[in-house]
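Report on the following structure.
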Amino acid sequence: MLIDIVTPDKNIFSGDIASAVFPGTDGSFGVQENHAALVATLKAGKILVVDNANKEQEFEVKGGVVEINHNKIIVLAE
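First residue of the sequence shown: 1434, per the numbering used here; consecutive thereafter.
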């Protein structure tokens, strides 16, 4: 599954991942391969990304939008 995390200034992360957890405005939610299509808003918090080697990375965001479709995740974050 591919992810791009983009801010107005730059692309802060792109890569192939196993899963991710997002700070949704209605609560945190996780995404794994073959997740249903989804568009959701994000509140301030941390995005947790787990790569295929089980290595975790966190990215602090102030809010934004995430789109999930066909194993491709695009995050437009502040």
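By construction, the Cβ of each residue, glycine as well, lies at the ideal position given by its N, Cα and C atoms.
My understanding is that alanine 1510 touches threonine 1458, with C-beta atoms under 8 Å, so please give their C-beta distance in whole angstroms.
The sequence position of residue 1510 within the sequence shown is 77, counting from 1. The sequence position of residue 1458 within the sequence shown is 25, counting from 1. Alanine 1510 to threonine 1458, Cβ: 13 Å. No contact.
At which residue ranges does the region 1467 to 1494 contain complete beta strand (DSSP E) runs of 3 or more residues, listed in the order of the chain?
Complete beta strand (DSSP E) runs here, min 3: 1471 to 1475, 1478 to 1484 and 1489 to 1494.
Answer yes or no: do lysine 1479 and glutamate 1491 have a C-beta to C-beta separation smaller than 8 Å?
Numbered from 1 along the sequence shown, position 46 holds the residue referred to as residue 1479. Numbered from 1 along the sequence shown, position 58 holds the residue referred to as residue 1491. A contact, by the Cβ cut-off of 8 Å.
Nearest by alpha-carbon distance to alanine 1418: which of Val1499, Ile1445 and Ala1486 is it?
What the structure shows of the chain is the stretch from 1434 to 1511, and residue 1418 is not part of that stretch, so it cannot be assessed.
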